[in-house]
Structure formats: structure tokens, C-alpha cells
Amino acid sequence: MKLVIASNNKHKIEEIKLILSDYFDDIVSMGEAGCNDDIEEYGKTFEENAHIKAKYVADKLGCAVLADDSGLEVFSLDGDPGIYSARYAGKHGDDQANNDKLLQVMYNIPDDKRAAQFVSVITLIRPNKPVVSAKGTCPGTILRETRGNGGFGYDPLFYMEAYDKTMAELTMEEKNSISHRKRSLQGIKVLLDKED
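This is the structure:
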């Protein structure tokens, strides 16, 4: 079965392909499938936005579609930047500006109040099958300066005590073994295994 990922983010697509390749014959981005629309994410939660994206592409292409909505929640900021993570500083996908804004907003927050988590919600819509959805989280702390050159988004600020590294200092293998997206995809795999 072919699977279209409702994204053109190459990092997300690589991660999803690695984890779900045993379940689908062909996994492609929405752009590769011929859908280059800009999907409006008008939901108020990660769950709503993942469903909106998956449904939009599934309705347009009529095939299996997986959508991920993910972001960073900082507890001392009441969960911000949350669903606005990719456009926190205004422009969508400007990692440097988003990190700079987060550092500025958190400037006066003490070290013991900088706990955060990455969140990923994945929704899978397939023809003539029930919709499945799963959520994954990854806990960490927001540093006062960036560290590491790997990853993307808030990875250089997201410190993981168990590894004594930021997400941006982990190897791709390490990141894929513990990331929020890995955990939500594992949840999807469990649900798919139950169908067999």
C-alpha cells in the first residue's frame, strides 16, 4: 500500500520512512504525490491539526495519508509555543528566529523552571479503514544558549539529562530511538499490528 505523508519536511519524512517502511510499499511526501497545497492549520490542538492535514490530503488524493503535528511545550509558558512552534517568531520555519524568541521570552525564568517537552501527534487515514491516531512526548529542559549542529527546530536548546546532550548533539540514530515522533509512530505501529 502507498502512503503519502502530509508534509514536505524532509527531516520528518526520513524519520517516518525509517519507522514505517515495513508497513507500506511506497512512502512519499505530499509534494511527490502531486499535492503542493498550503493546508491551513486552524485547529486548537496538535490532535486537531494532524487530523485536518491528513483529511485534506486523503480527500484530495484518495489514498492512505499520514500527518504529524508536533511542537514544543514549555510548562512555565503555559505550554507555549505549542501548536505555533514552527511560526513562533512570525515566519513559518525560521528556526533561528524561533530559538531567539524563546530565549528572549525565557530570559528571566530560573533554571529549575525550564522543563519542557516535545509533542508529536500522528493521524493515519486510509480508505475503508478506521482513522488511527497516537501521541508521543519527549521530556527535556530549555537551555540558555544553543548547543549542537544536528536536528532542526528547537533541538539545539532542548537538553536531555539522560544523555547530557541537547537533541541537536544526538546522532540521528540516538534521536530516532527516543524522539517524540518515534514514540507516536510506535503507537501507530501498535494500532496497525492489532488490525492483523
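Using this note's numbering, the first residue of the sequence shown is number -16, and each one after it goes up by one. Where is the CB? At the ideal position from N, CA and C, for every residue including glycine.
Close beta carbons around residue i, own chain, < 8 Å, minus the five adjacent residues each side
i: Ala99; result: Leu55, Glu56, Val57, Phe58, Pro122, Gly123, Thr124, Ile125 and Phe141
Buried versus exposed call for residue i [16 or more other C-beta atoms within 10 Å across all chains shown]
i: Gly136; result: buried
i: Tyr71; result: buried
i: Asn32; result: buried
i: Val(-13); result: buried
i: Lys177; result: exposed
i: Lys27; result: exposed
i: Asp94; result: exposed
i: Met150; result: buried
i: Lys184; result: As shown, the chain starts at -16 and ends at 179. That puts residue 184 outside it, with no answer to give.
i: Ala47; result: buried
Option nearest residue i by Cα separation, candidates the options
i: Gly131; options: Ala50, Gly119 and Lys148; result: Lys148
i: Asp42; options: Thr120, Arg127 and Pro110; result: Pro110
i: Lys172; options: Val88, Asp77, Lys118 and His75; result: Lys118
i: Asp20; options: Pro93, Ile161 and Tyr39; result: Tyr39
i: Asp61; options: Asp138, Lys112 and Val88; result: Val88
i: Lys30; options: Ser68, Ser103, Gln79 and Glu128; result: The residue you asked about is not Lys; residue 30 is Glu in the sequence shown. When each option's Cα is compared against that of Glu30, the closest is Ser103.
i: Leu86; options: Lys96, Gly133, Glu23 and Glu128; result: Glu128
i: Pro64; options: Ala47, Cys46, Lys84 and Gln79; result: Lys84
i: Leu1; options: His163, Arg166 and Asn159; result: Asn159
i: Ile66; options: Arg97, Thr154, Glu24 and Ala145; result: Glu24
i: Glu144; options: Lys112, Met155 and Arg97; result: Arg97
Chain C contact for residue i (CB, 8 Å cutoff)
i: Gln169; result: In summary, chain C is missing from the structure at hand, where a single protein chain is found.
Supposed contact pair residue j and residue i - C-beta distance, whole angstroms, cut 8 Å
i: Asp9; j: Lys(-15); result: 5 Å
i: Leu3; j: Leu168; result: 6 Å
i: Asp52; j: Lys36; result: 7 Å
i: Gly14; j: Asn(-9); result: 5 Å
i: Ile(-1); j: Leu44; result: Not a contact, Cβ separation roughly 17 Å.
i: Gly133; j: Glu152; result: 7 Å
Counterpart residues of residue i in DSSP-defined beta bridges
i: Cys46; result: Answer by DSSP bridge pairing: none, since Cys46 is not bridged.
i: Cys121; result: Phe101
i: Val57; result: Ala99
i: Met(-16); result: Paired residues: none, contrary to the question.
i: Val115; result: Leu107
i: Ile161; result: In the DSSP output, where bridge partners are listed per residue, Ile161 has none listed.
i: Tyr142; result: Thr124 and Thr149
i: Val11; result: Val(-13)
i: Asp52; result: Val104
6 Å CB neighbourhood of residue i in its chain, flanking five on each side removed
i: His(-6); result: Phe135
i: Ser12; result: Ile(-12), Asn(-9) and Ile(-4)
i: Thr106; result: Ala33, His34, Ala37, Ala50 and Ser116
i: Val114; result: Ile108
i: Ser68; result: Gly54 and Leu55
i: Ile22; result: Lys36 and Tyr39
Own chain partners of residue i with C-beta closer than 7 Å, once the 5 adjacent residues on each side are dropped
i: Asn82; result: Thr129, Tyr137, Pro139 and Leu140
i: Ile161; result: Cys121
i: Asp78; result: Phe135 and Gly136
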